[in-house]
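Asker:
Below, the structure is given as structure tokens:
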């Protein structure tokens, strides 16, 4: 007889985050599997998550953000599974599973990363960001293709730029404004900021694009707004990076402290934060 008692809620300690990174490449599934499952190739693509990888007999040793760790690979050619084992102790190693799949015109590699119990969110996010960079390098080592990062839901509405300076624009938003790349291919990237803002960047004269989208933006009649935790801090950082700042810091009557920077296409970006006093006053008026 089945019990009708409602089970207790699981402990929050066991509700862990999971994210997936997938890449597609033009090589065959067997070729990709042989390359990824080779210990000798680990230093050529897993250098952000684990640095200074050195052979230590049956295992490898490496430096990670958490200190020295052991590395090991367990693979199965029949299923395309490659388990990357990582841990400070040989008897307490976490599994980062990869799967190499055959696709109609090449192969796909799918990696899943779990937030282990007791690992702070910031440590998990930094480690996952390192894995994103490593998977991007793996994709390029295998001839290039497309990448998708799971767990970043697209908003219902977001802007996209068409640019003749595709790589310069991509670098500007990721290096200077600290966006992260969550989707990419040779002609398009999708970026997300820690604030939740998202942006698409399309390469000019992309084959198959509508006529309206084959010419690059020239920065006229259009601007972007980006909310940050502290506009003063961002202003100092971007000024030190010699970004093209066109308006200095100032407090706006509508409750924002902001400055204006120009991207490689001439697009103006208003970078600011909500003035705390404005929030408090607005709250008092509402009560």
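Numbering (this note's numbering), first residue to last: 2 to 288.
Cβ atoms here follow ideal geometry from the backbone N, Cα and C, with glycine treated the same way.
Bear in mind that the values here come from a model prediction, so they are computed numbers and not experimental data.
For the putative contact between residue 218 and residue 202, defined by C-beta atoms under 8 Å, what is the C-beta separation to the nearest angstrom?
Answerer: Their Cβ separation, rounded to whole angstroms, is 10 Å, which puts residue 218 and residue 202 out of contact at 8 Å.
Asker: Could you tell me the distance, in whole angstroms, from the CA atom of residue 20 to the CA atom of residue 148?
Answerer: Going from the Cα of residue 20 to the Cα of residue 148 covers about 14 Å.
Asker: Please report the straight-line C-alpha distance between residue 251 and residue 234, rounded to a whole angstrom.
Answerer: 13 Å
Asker: State buried or exposed for residue 213, treating a residue as buried only when at least 16 other CB atoms are found within 10 Å of its CB.
Answerer: So residue 213 ends up on the exposed side.
Asker: To the nearest angstrom, how far is the alpha carbon of residue 81 from that of residue 246?
Answerer: Residue 81 and residue 246 have their C-alpha atoms spaced approximately 50 Å apart.
Asker: DSSP three-state label for residue 74, please.
Answerer: Three-state result, residue 74: strand.
Asker: Just reading off the beta strand (DSSP E) that residue 21 is part of, what are its end residues?
Answerer: 19–26
Asker: Taking contact to mean at least 3 C-beta pairs separated by less than 8 Å, is the segment 115–133 in contact with the segment 161–176?
Answerer: When C-beta atoms of the segment 115–133 are compared with those of the segment 161–176, fewer than three pairs fall below 8 Å, so the two segments do not count as touching.
Asker: Shortest alpha-carbon distance to residue 107 belongs to which of 71, 254 and 31?
Answerer: Of the candidates 71, 254 and 31, the residue whose Cα lies closest to the Cα of residue 107 is 31.
Asker: Among residues of its own chain, excluding the 5 on either side of residue 3, which ones have a beta-carbon nearer than 6 Å to its beta-carbon?
Answerer: Low confidence applies to residue 3: its pLDDT is 39, below 50, so where it sits in the model is not reliable enough to give any reading.
Asker: Do residue 145 and residue 187 count as a contact pair if the criterion is CB distance below 8 Å?
Answerer: Between residue 187 and residue 145, the gap from beta carbon to beta carbon is short of 8 Å.
Asker: Would you check if the distance between the CB atom of residue 184 and the CB atom of residue 47 is smaller than 8 Å?
Answerer: Between residue 184 and residue 47, the CB-CB gap reaches or exceeds 8 Å.
Asker: Is residue 115 helix, strand or coil by DSSP?
Answerer: Three-state DSSP puts residue 115 in a strand.
Asker: Give the range of the alpha helix (DSSP H) segment to which residue 125 is assigned.
Answerer: It spans 122–142 - the alpha helix (DSSP H) in which residue 125 sits, taken as one unbroken run.
Asker: Classify residue 75: buried if its beta carbon has 16 or more other beta carbons within 10 angstroms, exposed otherwise.
Answerer: exposed
Asker: Skipping 5 residues on each side, what residues in its chain have a beta carbon closer than 8 Å to that of residue 249?
Answerer: By the criterion of a C-beta distance shorter than 8 Å, residue 249 is surrounded in its chain by 236 and 260, once the five residues flanking it on both sides are discounted.
Asker: Within 10 angstroms of its Cβ, does residue 25 collect 16 or more other Cβ (buried), or is it exposed?
Answerer: buried
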